[in-house]
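For the sequence shown, the working numbering gives the first residue as 1, with consecutive numbering after it. Note that CB positions come from ideal geometry on N, CA and C, so glycine has one too.
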Amino acid sequence: MRLQNRTALISAAAGPMGAAIASRFLDEGANVVLTDISERRLAAAAADLSDSASRERIVTVRADAQNRSESEAVVAAGQRQFGRIDILINVVGGIRDTILNRPFLELSEERFIQTLSLNLLGTRNFVQLLVPGMQKAGWGKIVNIASISMAGEAGQADYAAAKAGVAALTRSLAAEFAPAINVNCISPALIQTSAVERMPAEQIRSYVERTLLKRLGRAEDIANAAAFLASDEAAYITGENLCVSGGIAPAL
1 MRLQNRTALI
11 SAAAGPMGAA
21 IASRFLDEGA
31 NVVLTDISER
41 RLAAAAADLS
51 DSASRERIVT
61 VRADAQNRSE
71 SEAVVAAGQR
81 QFGRIDILIN
91 VVGGIRDTIL
101 NRPFLELSEE
111 RFIQTLSLNL
121 LGTRNFVQLL
131 VPGMQKAGWG
141 KIVNIASISM
151 AGEAGQADYA
161 AAKAGVAALT
171 RSLAAEFAPA
181 INVNCISPAL
191 IQTSAVERMP
201 AEQIRSYVER
211 TLLKRLGRAE
221 DIANAAAFLA
231 SDEAAYITGE
241 NLCVSGGIAP
251 AL
């Protein structure tokens, strides 16, 4: 098992991507500290993950990752249970709006700031809280979740800018925290979720046609990439953006 005796903190752990990463990490032997803004969904995700073998290897703490004191509580709970946190997976992000696509000239200041905060501030909080311990241990892995939308997306300029920020932040942190800590990011394409299923069928078909593999991504595809980057198999990889996108190649 690649992550035996390691502890990983995973944000947005109740969503499809976060839950898939948590499941894969448990399979690889890791302890997991799971946090999400929804206490109900977090409890449900933990129940799905728990069995007699893994129950003691899971800690859950409801928190808004954008809130510093709530982020501190997550880290403290994980450290109380497991002693240290070796791996950070920053999944939290997205757009909090009932209408995902808004023309830039109609994009409100409130949504613009909210999207930047949602995709960047939680990452900043958890990185600042966990890196000192990683540096003391001389080992750490940070994996951020960006998006191929970082290359630009009409109607989602705020999200594209935020995810480009995640990619740039990843490279900056890799330079700052080397050589003890590896920092990388994953840029998914469209991932099969209940939200995607509500998209117009023609829009989904058009997107699938853009991919070389002619399918949507699955949460497990992201979990596989995260498990690799968090393991010693990726010891000589840092500052990289791994596109898990079915062959779509974003470029700024």
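Distance check between T35 and each of F126, F112 and R218 places F126 closest, using alpha-carbon atoms only.
Residue state for K136 is assigned as helix, using DSSP reduced to three classes.
The stretch 208-224 and the stretch 153-161 do not touch, with fewer than three beta-carbon pairs separated by less than 8 Å. Non-local beta-carbon contacts of A251 in its own chain, meaning distances under 8 Å to residues more than five positions away in sequence, involve A151 in chain order.
For A160, the uninterrupted alpha helix (DSSP H) run begins and ends at A157 to F177, by DSSP.
Counting along the chain, L88 sits inside the beta strand (DSSP E) bounded by residues I87 to N90. The Cβ atoms of L42 and A13 sit closer than 8 Å to each other.
Within the same chain, R84 and I85 come within 7 Å of G133 by CB-CB distance, once the 5 residues on both sides are set aside. The three-state reading of DSSP puts A14 in coil, since its state is none of H, G, I, E or B.
With 16 or more neighbouring CB atoms inside 10 Å of its own CB, K141 falls in the buried class. A straight-line Cα-Cα distance of about 43 Å links E28 and F104. Excluding the 5 residues flanking it on each side, T7 has same chain C-beta neighbours closer than 6 Å at N31, F82, I85 and D86, in chain order. With fewer than 16 other CB atoms across the displayed protein chains lying within 10 angstroms of its CB, N101 is exposed. Rounded to whole angstroms, E109 and T115 show a C-alpha spacing of 10 Å.
Exclusion of the five residues before and after V33 leaves L9, V59 and G78 as the residues of its chain whose Cβ lies within less than 6 Å of its Cβ. Sixteen is the threshold: when 16 or more other Cβ atoms of the shown chains lie within 10 Å of the Cβ of R24, as they do, the residue is buried. Rounded to the nearest angstrom, the gap between the Cα atoms of S172 and A73 is 26 Å. The three-state reading of DSSP puts R102 in coil, since its state is none of H, G, I, E or B.
In this structure, DSSP gives D97 a state outside helix and strand, which the three-state scheme calls coil.
Taking the Cβ atoms as the reference, G239 lies roughly 3 Å from A174, within the contact range of under 8 Å.
The distance from the Cβ of T211 to that of A189 is about 7 Å, consistent with a contact at the 8 Å cut-off. At least 8 Å separates the beta-carbon of S11 from that of N67. Around the Cβ of L213, a 10 Å sphere holds fewer than 16 other Cβ atoms; the residue is exposed. Exposure of A178 is indicated by the presence of fewer than 16 other C-beta atoms within 10 angstroms of its C-beta.
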